[in-house]
Amino acid sequence: MYFKFVFPSKHAVNVSVYKLKTSDFFLKSSPSVSVQRGHTATLPCWLEPTQSAELLEVLWYHRNDVDLSVMRYSNKKVSSLSSYEGRVSFGPRGVTSGGLASGDVSLELVNVTLQDSGEYTCYVSSDQSHDTAVVTLAVTAVWTDSSVVNVSCRSEGWYPRPQLRWLNQNESLTPKSIQYTEDSLGLLSVHSWVLVSPSSEIICTVGLQGEEEKETRLHLSTRSELPQTGKRDTHIKITNPEGGHPHLLIKALPNGYVVRDKRFPNGSKVSMITAITGTNSFSTGEHYWEVSLGNTNTDPKRSWWLGVTSVFNIPVNADFCPTESKGYWFLSSSSSENPDFFQLSTEPPTLLPVNSRPERVGVYLNCETGTVIFYDVDNSSIIGRLTGDFQGEVFPFFNPGLFDAAPLMILHHNKTDPFEL
1 MYFKFVFPSK HAVNVSVYKL KTSDFFLKSS PSVSVQRGHT ATLPCWLEPT
51 QSAELLEVLW YHRNDVDLSV MRYSNKKVSS LSSYEGRVSF GPRGVTSGGL
101 ASGDVSLELV NVTLQDSGEY TCYVSSDQSH DTAVVTLAVT AVWTDSSVVN
151 VSCRSEGWYP RPQLRWLNQN ESLTPKSIQY TEDSLGLLSV HSWVLVSPSS
201 EIICTVGLQG EEEKETRLHL STRSELPQTG KRDTHIKITN PEGGHPHLLI
251 KALPNGYVVR DKRFPNGSKV SMITAITGTN SFSTGEHYWE VSLGNTNTDP
301 KRSWWLGVTS VFNIPVNADF CPTESKGYWF LSSSSSENPD FFQLSTEPPT
351 LLPVNSRPER VGVYLNCETG TVIFYDVDNS SIIGRLTGDF QGEVFPFFNP
401 GLFDAAPLMI LHHNKTDPFE L
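Taken in order, the sequence shown gives residues 1 to 421; the numbers are from UniProt numbering.
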């Protein structure tokens with residue numbers, strides 16, 4: 001139920017209580033979505049409580065202008081502006097979505113252009129109720145020119161509006177874009193991106209005026225720079241709990257461990273529930289291992305986490321957010337949140353554009369310098385790197401994600417390695 005407060009005068013307060021009708025609803029959405037130009041974007045919007053939207057009227061419009069109606073759904077028929085013809089439809093906000101029958105009215109927009117960026121309003125109405133929700137679409141252009149790299153920075157949960165700055169070796173950079181969005185609680189998110197050379201050390205800082213800033217530091221390089229050393233940890237060890245992991249299938253094979261999800265109690269969000277650590281512990285030296293993310297029968301995995309952690313007994317908590325300040329240094333990929341970007345566990349998170357999906361990722365750890373580097377093994381290129389202040393031991397860290405057909409496989413090397421160490 002909800003409460004309506006009526007104030008007829010400063011001397012009296014009347015309170016009316018109404019029972020929520022089963023046909024009443026409100027809308028929920030994600031505040032912002034980022035996508036590369038030419039890719040497909042899904043702008044999430046859905047009804048709460050869950051109910052069918054098949055008999056409702058749905059209107060999506062652009063830049064707070066009803067005349068720019070991107071898509072209209074009425075009497076079970078869909079229409080759109082000519083500029084969006086053939087590019088818009090209802091799309092699932094997650095793999096488990098039931099579509100209109102379950103109240104999912106998310107907009108799918110294909111072949112996204114730079115002109116498509118901006119605010120989109122989702123408006124849903126019935127005879128008894130109506131509501132609106134806003135989703136901001138950020139469109140980035142990724143150049144194929146190897147002389148530039150697109151780097152994004154995002155931070156959430158601020159009030160008042162924070163300041164975001166880019167630095168390259170202590171010199172200020174001018175961002176190509178900086179956008180602010182507000183969630184239902186009035187908290188602000190900021191998202192920005194810059195173009196830099198592939199051999200740069202980029203810093204993104206976010207903070208309130210007069211207060212300490214949060215800083216993310218990213219060293220970029222496209223060359224395979226593994227040091228010349230004979231040290232190679234080819235056999236990462238995983239312990240399968242007695243009775244099996246409640247949410248994972250773990251199988252030991254002669255050439256490694258196969259790990260995949262089997263249950264997903266927290267919906268479509270990847271969380272610590274499906275995360276595991278290796279039993280190997282490292283406090284000195286250089287170490288390297290590889291993970292397979294695909295095979296000849298399936299497309300490469302789109303949902304995974306790979307890296308290291310200083311926490312051996314990791315919390316099995318869907319609401320826990322692992323970051324570098326909490327002892328987690330990893331690279332992640334998601335099929336639902338920012339699917340066109342890899343993400344590093346910095347604060348704020350660092351987004352790296354996905355140019356191609358790697359089938360095999362190498363993880364290089366240097367305990368002396370506090371460096372973790374992630375490699376696309378088949379392309380002999382660096383995806384990204386992190387630096388941290390390791391206190392004591394660190395452990396290999398894995399998460400196979402959710403819903404992918406391809407498993408995650410932690411490899412044992414029995415043949416010549418692709419990198420000359």
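Using N, Cα and C, we set each Cβ at its ideal position, and we do this for glycine too.
No experiment lies behind these values; they were computed from the predicted model shown.
- In the DSSP annotation of this structure, PHE282 is not part of any beta strand (DSSP E), being labelled neither H nor E.
- Short of 6 Å from the beta carbon of GLY362, and not among the five residues preceding or following it, lie these beta carbons of its own chain, in chain order: GLU290, TYR375, VAL377.
- Below 8 Å, enough C-beta pairs join the segment 294-306 and the segment 347-362 to call them touching: three or more.
- Within its own chain, the residues whose Cβ lies closer than 8 Å to the Cβ of THR284, once the five positions on either side in sequence are excluded, are CYS367, GLU368, listed in chain order.
- Collapsing the DSSP output to three states places LYS269 in coil.
- Under the three-state reduction of DSSP output, LYS28 falls in the strand class.
- A residue is called buried when at least 16 other Cβ atoms come within 10 angstroms of its Cβ; GLU85 does not meet this threshold and is exposed.
- For ALA138, the closest alpha carbon among the candidates THR346, THR42, SER69 is that of THR42.
- The segment 160-179 makes no contact with the segment 59-73, as fewer than three CB pairs between them are under 8 Å.
- A contact is defined here as three or more CB-CB pairs under 8 Å, and the segment 73-92 fails this definition with respect to the segment 130-137.
- With fewer than 16 other Cβ atoms inside 10 Å of its own Cβ, PRO315 counts as exposed.
- A contact is defined here as three or more CB-CB pairs under 8 Å, and the segment 102-114 fails this definition with respect to the segment 155-164.
- Between the beta-carbon of PRO44 and that of ASP183 there is about 13 Å, and that puts the pair past the 8 Å contact cut.
- For GLY118, the secondary structure class from DSSP, reduced to helix, strand or coil, is strand.
- For GLY256, the CB contacts under 7 Å within the same chain, skipping 5 residues up- and downstream, are MET409, ILE410, LEU411, HIS412 in chain order.
- Non-local C-beta neighbours of THR40 in its own chain, meaning closer than 6 Å and more than five positions away in sequence, comprise VAL110, ordered along the chain.
- One thing to note: VAL372 has its Cβ within 8 Å of the Cβ of LEU365.
- DSSP lists VAL58, VAL78 as the bridge partner or partners of TYR73.
- By the neighbour-count definition (other C-beta atoms within 10 Å, threshold 16), VAL66 is an exposed residue.
- One Cα belongs to LEU306, the other to GLU286, and the distance between them is close to 17 Å.
- For LEU408, DSSP records a beta bridge to VAL259.
- By the Cβ-count criterion, VAL190 is buried, with 16 or more other Cβ atoms from all chains shown falling within 10 Å of its own Cβ.
- Ranked by Cα distance from GLN115, the first of LYS77, PRO92, LEU68 is LEU68.
- Per the coordinates, the alpha-carbon of SER102 lies some 8 Å from the alpha-carbon of TRP46.
- By the beta-carbon neighbour count (other beta carbons within 10 angstroms, threshold 16), LEU55 is exposed.
- Cα atoms of SER82 and SER281: separation of roughly 59 Å, rounded to the nearest angstrom.
- Around SER335, the same chain offers ARG302, SER303 as residues with beta carbons nearer than 6 Å, after the five sequence neighbours per side are excluded.
- In the DSSP annotation of this structure, the continuous segment of the beta strand (DSSP E) that includes GLY362 starts and ends at 360-366.
- When the five nearest sequence neighbours on each side are left out, the beta carbons in the same chain lying within less than 7 Å of the beta carbon of SER333 are those of ARG302, SER303, TRP304, PHE342, in order along the chain.
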